[in-house]
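In the order they appear, the protein sequences are chains V and G.
If you're matching positions, the first sequence starts at 23 in the numbering used here and goes up one per residue.
If you're matching positions, the second sequence starts at 67 in the numbering used here and goes up one per residue.
Here's the structure we're looking at; comments come further down.
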Amino acid sequence: MAREKFQTLTEPMFYILLCLRRECCGADIAAQVGALTRGRLSLGPGTLYNLLDSFLQAGMIRETRVEGRKRSYLMTDRGREALEAEVRRLQTLLADYGRCPGGREEECT
Amino acid sequence: MKNRKRRFVNFNLYDYQGVEEHLSAMAAKGWRLEKAGNQLWTYRRAEPAKVRYAVTYSYDLSQFDPGPTEGQARLEDLCAAAGWEKVCGWLQMQIFSTEAENPVPLETDEALRLENIHKTMKRHFYPPHLLLLVLSLFMTASFINSIIRTPVRVFGSSSRLFAGPLYIILTVLLLVNLGSYWLWRRRSLRSVEAGGACVRLGPGCRRTAWVSLALVLLLSAGYALSSLLGSQKIYGVYFLVYLVLFTLLALTVHGTKNHLKRRGVSRGKNMAATLTVDFVLAFALVGGLTWSAMHFGWFTGGEGETYSYQNHTWDADPIDIPLTAADLTGQPVQHTRRHIWRDGTVFLSSRRYWENALVDGELYFLSYDIWDIRAGWLYEPVLRDLLREENHSSVPLMVRHYIQEDAAPWGAEAAWRLYWGDTASSVWLLAWPDRIVEVQLEHVPPTAKEMALVGDLLGPA
């Protein structure tokens with residue numbers, strides 16, 4: 023079920039996993055995503071919580087440290103696979119786009 | 067000046083926009099939400115301010131959880147870091163507020179919000195609603211079937227005529243709730259797929275809930291008042307006693323759950339203990355009231371002073387009834403025991419009398435029912451119902467049916483005698499324009515004098 027659910031990643035999922043290639047505390051993820059996307063994508067705490075929870079349940083991230091109320095997470099191998107699969111999917115899309123440079127009138131090579 | 071106020075709310079669990087807007091409007095008027103009970107919310111007075119409220123859902127949260135779960139703590143920390151302060155929880159809804167000018171929205175992924183709401187609804191809204199719908203549909207169908215097949219049972223019983231519309235209101239309310247959510251989710255899915263937000267919930271659903279509540283209150287007040295002011299005061303008293311005890315039961319169950327929560331008892335243990343208390347108290351309440359009603363004869367004229375003679379119980383001061391064993395036998399009755407059972411509605415009044423007597427050393431039994439039809443349109447259905455043929459479950463192959471006889475000796479307009487198959491019984495049904503009487507006699511066939519006496523004393527004045 024979890025694999026099926028995360029077969030393709032939404033933008034918030036993609037950037038959260040990207041941030042968690044290195045250990046990061048939950049509260050810092052939103053700031054990092056904002057910086058990475060230059061403010062294009064904002065991540066609300068409710069959304070972040072639900073996605074972290076889903077990733078934890080799917081075994082795509084794990085909790086590494088709890089210091090007081092600060093919890094840190096790190097991507098697992100399963101999470102890395104999902105992220106890399108998404109990157110490959112996006113690359114395929116880009117490659118397909120590249121093969122059709124002329125738009126609607128021209129045929130793809 | 068009051069610093070706190072309570073308000074009854076009827077938000078749907080998925081109506082997050084409604085809740086957010088309501089709380090912002092209350093804060094602008096100087097009232098901040100402090101505590102959200104199931105239906106009763108408490109607000110505290112504060113300086114009127116522009117406060118933004120936002121909610122998110124924790125579908126795995128239970129009302130039996132002893133305190134903030136680990137997940138809740140994580141959510142609150144993330145929200146606090148983003149400038150959102152936890153206000154309180156309402157069912158599975160977590161309510162946050164901020165006074166920041168341009169805060170990051172609590173939810174920034176509408177598809178995820180919708181999925182989360184649906185998970186919450188699937189776990190906490192559908193199961194009780196569907197179960198209740200099955201029960202209310204069954205009760206509604208049974209009520210409608212009774213109106214058609216056995217109008218005497220419905221229109222002659224204040225409690226049945228009161229309960230039937232309640233089931234219908236409940237069924238309509240449940241169907242509106244389930245249908246509204248289904249429609250809301252369908253429209254929201256379409257909107258989110260097109261890159262938009264979840265759609266706003268229209269006012270229809272909440273209006274239906276308010277109207278239903280008003281109807282239930284009106285019906286209940288009408289039932290209680292008509293019983294207390296009419297001839298069946300005991301039904302009104304019984305209803306009010308039931309309401310008070312039921313409220314106490316609900317408060318006790320709620321108190322038990324909260325007490326165990328405060329003591330840190332786990333979700334499972336709390337649920338088991340609370341449900342046990344609920345079950346035992348409900349059983350005691352219903353059983354106790356039913357036993358009391360039967361034991362103390364609340365509906366049968368009360369249990370007056372009695373005495374024993376020849377292994378039977380007799381009334382020391384018998385109540386008056388329209389027709390007695392003494393009337394029929396013309397002999398003095400040494401010992402007697404009488405009961406009356408009254409019920410009825412504005413459409414049909416129903417009275418049952420029965421008497422056991424010792425006449426000349428012999429036991430004598432007499433019973434009769436009197437129905438006064440107050441609504442003309444009901445006369446034919448009531449007569450049809452009373453004359454209906456039926457197979458009696460306790461006597462196989464015996465059909466219970468009536469055969470018409472000469473009504474003149476009874477002084478009635480029509481008369482029928484009850485038969486079990488081919489065997490005549492000692493029961494007669496007598497009809498007048500607004501009254502129907504069913505009488506069971508001890509000695510058959512009755513004499514002309516007895517028939518005339520029955521017609522004279524039980525017929526309309």
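Think of the CB as a built atom: it goes at the ideal place given N, C-alpha and C, for glycine as much as any other residue.
Along the chain, where does the beta strand (DSSP E) that runs through residue i open and close?
i: G:G410; result: H401 to G410
i: V:M82; result: Element bounds for V:M82: n/a, residue is neither H nor E.
i: G:H509; result: From DSSP, G:H509 is part of no beta strand (DSSP E); its letter is neither H nor E.
i: G:R417; result: L414 to V425
Looking at residue j and residue i, is the spacing between their C-beta atoms short of 8 Å?
i: G:E540; j: G:V258; result: Because chain G spans 67 through 527 in this model, residue 540 of chain G falls outside it and cannot be assessed.
i: G:L519; j: G:D409; result: no
i: V:E89; j: V:L63; result: no
i: G:L523; j: G:P388; result: yes
i: V:G101; j: V:L42; result: yes
i: G:V310; j: G:V343; result: no
i: G:A391; j: G:V425; result: yes
i: G:Y119; j: G:L79; result: no
i: G:L240; j: G:L285; result: no
i: G:E471; j: G:W482; result: yes
i: G:A350; j: G:Y304; result: no
i: G:L452; j: G:E504; result: yes
i: G:E151; j: G:T164; result: yes
i: G:W476; j: G:L496; result: yes
i: G:L271; j: G:N243; result: The amino acid occupying residue 271 of chain G in the given sequence is Cys; Leu does not appear at that position. Going by C-beta atoms, G:C271 is nearer than 8 Å to G:N243.
i: V:R93; j: V:G48; result: yes
i: G:G102; j: G:I161; result: In the sequence on display, residue 102 of chain G carries Ala and not Gly. Yes, Cβ-Cβ distance for G:A102 and G:I161 is below 8 Å.
i: V:T69; j: V:R84; result: no
i: G:V121; j: G:V85; result: yes
i: G:Q83; j: G:Y123; result: no
i: G:E508; j: G:F431; result: yes
i: G:L294; j: G:G288; result: no
i: V:D133; j: G:G96; result: Coverage of chain V is limited to positions 23 through 131, which leaves residue 133 of chain V absent and any answer about it impossible.
i: G:W276; j: G:N104; result: no
i: G:L414; j: G:R440; result: yes
i: G:R333; j: G:F130; result: yes
Return the bridge partner residues of residue i from the DSSP annotation.
i: G:F162; result: G:A120 and G:K152
i: G:A94; result: Beta-bridge pairing links G:A94 to no other residue.
i: G:W380; result: G:Y373
i: V:M97; result: V:I83
i: G:Y109; result: G:K71 and G:L99
i: G:Y485; result: G:H467 and G:A490
i: G:E528; result: There is simply no residue 528 of chain G to check, as chain G begins at 67 and stops at 527 in what is shown.
i: V:S76; result: In the DSSP output, where bridge partners are listed per residue, V:S76 has none listed.
i: G:A480; result: G:A497
i: V:K92; result: V:E89
i: G:Y82; result: Answer by DSSP bridge pairing: none, since G:Y82 is not bridged.
i: G:I385; result: Bridge partners of G:I385: none, in fact.
i: G:E516; result: For G:E516, which the question treats as bridged, DSSP gives no partner whatsoever.
i: V:Y71; result: Looking at the DSSP assignment, V:Y71 forms no beta bridge with any residue, so it has no partner.
i: G:N168; result: Answer by DSSP bridge pairing: none, since G:N168 is not bridged.
i: G:E456; result: G:R466
Kindly list, in the order they appear in chain C, the residues whose Cβ is closer than 9 Å to that of residue i.
i: G:V170; result: Within the model displayed, chain C is absent; protein chains V and G are what it includes.
Please report the residue range of the alpha helix (DSSP H) in which residue i lies.
i: G:L341; result: R333 to H361
i: G:W276; result: G270 to L295
i: G:D451; result: Y445 to L452
i: V:G56; result: G48 to L58
i: G:G137; result: E136 to A147
i: G:W364; result: Unbroken run through G:W364: none, as it is neither H nor E.
i: G:W250; result: S224 to E259
i: G:S208; result: Y192 to R215
i: G:L314; result: K299 to R328
i: G:T395; result: A391 to T395
i: V:Y37; result: E33 to C41
Report yes if the C-beta of residue i is less than 7 Å from at least one heavy atom of the ligand HEM; otherwise report no.
i: V:I38; result: Among the ligands in the structure shown, none appear at all, so the ligand HEM cannot be discussed.
Looking at C-beta atoms only, is the number of pairs between the region 112-128 of chain G and the region 210-219 of chain G that lie closer than 8 Å three or more? No, they do not touch.
Is it the case that the region 396-404 of chain G contacts the region 463-476 of chain G, given that we only count it when at least three CB pairs across the two stretches are under 8 Å? No: the two stretches stay apart, fewer than three of their Cβ pairs being nearer than 8 Å.
Counting beta carbon pairs with one atom in the region 175-190 of chain G and one in the region 136-144 of chain G, are three or more of them shorter than 8 Å? Output reads no: the region 175-190 of chain G does not touch the region 136-144 of chain G.
Say whether the region 95-111 of chain V touches the region 34-53 of chain V, bearing in mind that this needs 3 or more beta-carbon pairs closer than 8 Å, one atom from each stretch. Enough Cβ pairs lie closer than 8 Å, so yes.
Mind checking the region 93-112 of chain V against chain G and listing, in chain order, the residues whose C-beta falls within less than 7 Å of any C-beta there? Those would be R93, in chain order.
Check each residue of the region 94-121 of chain G: if its Cβ is closer than 9 Å to any Cβ of chain V, include it; give the result in chain order. The region 94-121 of chain G vs chain V, Cβ under 9 Å: A120 and V121.
Note down, in chain order, all residues in the region 150-162 of chain G with a beta-carbon under 7 Å from any beta-carbon belonging to chain V. Along the region 150-162 of chain G, the positions whose C-beta sits under 7 Å from a C-beta of chain V are W150, read in chain order.
At a Cβ cut of 9 Å, what residues of the region 175-199 of chain G count as close to chain V, listed as they run along the chain? Only those residues of the region 175-199 of chain G whose C-beta falls short of 9 Å from the nearest C-beta of chain V are listed: D175, A177, L178, R179, E181 and N182.
Under 8 Å: do the region 184-197 of chain G and the region 220-236 of chain G share three or more Cβ pairs, one atom per stretch? Contact check between the region 184-197 of chain G and the region 220-236 of chain G: fewer than three CB pairs, one atom from each, fall below 8 Å, which does not count as touching.
Give me the subset of the region 256-282 of chain G whose CB atoms are less than 7 Å from a CB atom of chain V, sorted by chain position. Within the region 256-282 of chain G, not one residue has a Cβ closer than 7 Å to any Cβ of chain V.
What residues from the region 27-43 of chain V come within 8 Å of chain G, judged by C-beta to C-beta, listed N to C? Cβ contacts with chain G come from T32 and P34.
Chain V contacts made by the region 320-344 of chain G, where a contact means CB separation under 9 Å: Of all residues in the region 320-344 of chain G, none has a Cβ within less than 9 Å of some Cβ in chain V.
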